[in-house]
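> In the working numbering, the protein residues as written are 8 to 343. Encoded as structure tokens, here's the structure I'll be asking about.
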Amino acid sequence: MILFKTAISIFLATVFFEIFLTYSPFRGGISPVQYDPDIGMWHKRNFQYVYEKDCYSTPYMFDERGLIKNNYNFNPDKKDVIILGDSYIEALMIKNKNIIHNSLYREYSGKLNFLNYGLGGTGPTQHLEILKKFAQLERAKYLIEFISLDEGWGRDLEEVDPQEFGWSNRALVHLNFSDLNHYETLKPPAMGIKEQLREALANYELYGYLKKTFLYYKNKLASSENGFSPSNIPYGSRDWSKNWKQIKGAVIQINKLSKANHVGHRVIIFSPDRNHYKIISQFLTQHKILFIDLVGELEKLNIALDAITFACDGHWNDETHRLFAHIIKSKFPLTG
Numbered sequence: 008m009i010l011f012k013t014a015i016s017i018f019l020a021t022v023f024f025e026i027f028l029t030y031s032p033f034r035g036g037i038s039p040v041q042y043d044p045d046i047g048m049w050h051k052r053n054f055q056y057v058y059e060k061d062c063y064s065t066p067y068m069f070d071e072r073g074l075i076k077n078n079y080n081f082n083p084d085k086k087d088v089i090i091l092g093d094s095y096i097e098a099l100m101i102k103n104k105n106i107i108h109n110s111l112y113r114e115y116s117g118k119l120n121f122l123n124y125g126l127g128g129t130g131p132t133q134h135l136e137i138l139k140k141f142a143q144l145e146r147a148k149y150l151i152e153f154i155s156l157d158e159g160w161g162r163d164l165e166e167v168d169p170q171e172f173g174w175s176n177r178a179l180v181h182l183n184f185s186d187l188n189h190y191e192t193l194k195p196p197a198m199g200i201k202e203q204l205r206e207a208l209a210n211y212e213l214y215g216y217l218k219k220t221f222l223y224y225k226n227k228l229a230s231s232e233n234g235f236s237p238s239n240i241p242y243g244s245r246d247w248s249k250n251w252k253q254i255k256g257a258v259i260q261i262n263k264l265s266k267a268n269h270v271g272h273r274v275i276i277f278s279p280d281r282n283h284y285k286i287i288s289q290f291l292t293q294h295k296i297l298f299i300d301l302v303g304e305l306e307k308l309n310i311a312l313d314a315i316t317f318a319c320d321g322h323w324n325d326e327t328h329r330l331f332a333h334i335i336k337s338k339f340p341l342t343g
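Here you go:
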């Protein structure tokens with residue numbers, strides 16, 4: 008009888024586990040990333056799944072290198088364009104043919120290979136490390152770096168801070184710049200027991216929810232005890248000086264690495280906060296780095312910000328990816 012009950016229990020557990028894998032109740036279902044000792048996480052290789060929310064259900068695919076799959080045939084005889092960015096560029100919710108790199112490929116008539124190194128939950132400091140580890144700079148002619156600074160629009164000002172908790176589900180690499188040319192690398196934890204547990208939870212998108220819940224009640228307790236919590240500081244009133252140092256340092260290091268490899272560095276800014284835009288645009292102008300102001304371009308076209316996103320999560324929609332590719336083509340005459 009005991010053996011029968013054990014067998015039934017194992018059978019039911021297996022069935023329910025398979026149902027969980029197929030119909031995960033958590034955001035995005037199975038995680039698209041896995042542990043990486045240098046970055047903290049990277050896309051699973053040769054992986055495909057469906058990214059679902061209330062307003063979309065989109066299949067996504069990664070290639071053998073963990074890059075967002077191309078909708079065109081890669082040509083080794085052509086030069087590459089490296090694209091760096093966060094979840095707005097990774098774009099798991101966008102139909103593959105419309106994602107920014109595939110839209111750019113069409114805009115430039117297939118003269119260059121556009122490769123998407125976007126990774127959700129990352130900022131410029133992680134992008135520098137992704138560039139150093141994964142990109143083939145010797146094949147590249149251009150590098151396009153997307154910077155989305157503001158709350159609700161990419162959060163790069165927060166992503167560069169090790170104390171901030173995002174939805175990446177994993178501890179990421181961080182850099183601590185003392186000035187534009189000197190920094191300390193804060194590596195993610197090694198794969199010990201704690202990280203193995205985190206990885207197991209993160210694979211089913213559980214870790215982010217548990218950590219977010221813990222931090223919520225921790226902040227509630229702290230604010231009730233002393234009336235203060237960092238999360239209570241209005242976004243526009245926070246001291247971003249240290250965060251700006253990290254962003255500026257990462258941009259300069261990406262620019263130096265690009266120049267050393269004879270790669271043209273371009274920056275695409277998306278910042279509805281025009282004070283933040285002023286800071287980054289003046290910095291890029293000072294260092295002679297070419298850039299585009301996407302919010303400014305939208306204003307010229309009389310396109311409202313709420314018209315460029317999905318209704319259910321705030322990411323750029325398919326039409327926006329195609330539009331931004333067209334704007335980039337109109338501003339940057341990249342040649343093969």
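Each residue gets a CB set at the ideal place from its N, CA and C atoms; glycine is no exception. Since the model is a prediction, treat every value here as computed from it, not as a measurement.
Near E202, which residues of its chain fall below 6 angstroms by C-beta distance, leaving aside the five closest residues on each side in sequence?
Counting from one through the sequence shown, the residue named residue 202 turns up at place 195. Excluding positions up to five away in sequence, the list reads P196.
> Starting from the C-beta of D70, find all residues in its chain whose C-beta is less than 6 angstroms away, skip the five residues before and the five after it, and write them out in chain order.
In the sequence shown, residue 70 corresponds to position 63, counting from 1. Excluding residues within five positions, the ones whose Cβ falls inside 6 angstroms are K76.
> Indicate whether I397 and I299 have their beta-carbon atoms separated by less than 8 angstroms.
Since the first residue shown for the chain is 8 and the last is 343, residue 397 is missing from the structure and cannot be characterised.
> Under 8 angstroms Cβ to Cβ from K249, same chain only, skipping five residues before and after it: list those, please.
To locate residue 249, count along the sequence shown from 1; it is residue 242. For K249, where only same-chain residues beyond five positions count, the Cβ hits under 8 angstroms are D168.
> Using DSSP with H/G/I as helix, E/B as strand and the rest coil, what is P237?
As a working mapping, residue 237 is identified with position 230 in the sequence shown. Note that P237 scores a pLDDT of 47, beneath 50, so its modelled location is shaky and nothing firm can be said.
> Quick check: the stretch 140-149 against the stretch 109-116, are there 3 or more CB pairs under 8 angstroms?
Touching, no, given that fewer than three Cβ pairs across the two stretches are closer than 8 angstroms.
> State the beta-bridge partners of N183 as determined by DSSP.
The residue you call residue 183 lines up with position 176 of the sequence shown. N183 pairs with E191.
> Could you tell me if D163 is buried or exposed, where buried requires 16 or more neighbouring beta carbons within 10 angstroms of its beta carbon?
Start at 1 with the first residue of the sequence shown, and residue 163 comes out as number 156. Buried is the call here.
> Buried or exposed for V180, please, with buried defined as at least 16 other CB atoms from any protein chain shown within 10 angstroms of its CB.
Translated into the one-based positions of the sequence shown, residue 180 becomes position 173. Buried, since its Cβ has 16 or more Cβ neighbours within 10 Å.
> Please give me, in chain order, every unbroken run of the beta strand (DSSP E) with length at least 3 that falls completely inside the stretch 71-143.
Counting whole runs of 3 or more residues, the stretch 71-143 contains the beta strand (DSSP E) stretches 87-91 and 120-123.
> Is there a Cβ of chain D sitting closer than 8 angstroms to that of W160, yes or no?
The chain inventory of the structure shown lacks chain D, comprising one protein chain alone.
> Inspect the CB distances between the stretch 127-143 and the stretch 84-97 and report whether three or more fall short of 8 angstroms.
Segments in contact, yes.
> Who are the near neighbours of T65 in its chain, counting only those whose CB is closer than 8 angstroms to its CB and skipping five residues on each side?
In the sequence shown, counting from the first residue as 1, residue 65 sits at position 58. Here the set comprises V57, Y58, E59, L99, M100, I101 and K102.
> Helix, strand or coil: which one does DSSP assign to K60?
Position 53 of the sequence shown holds residue 60. If DSSP states are grouped into helix, strand and coil, K60 belongs with the strands.
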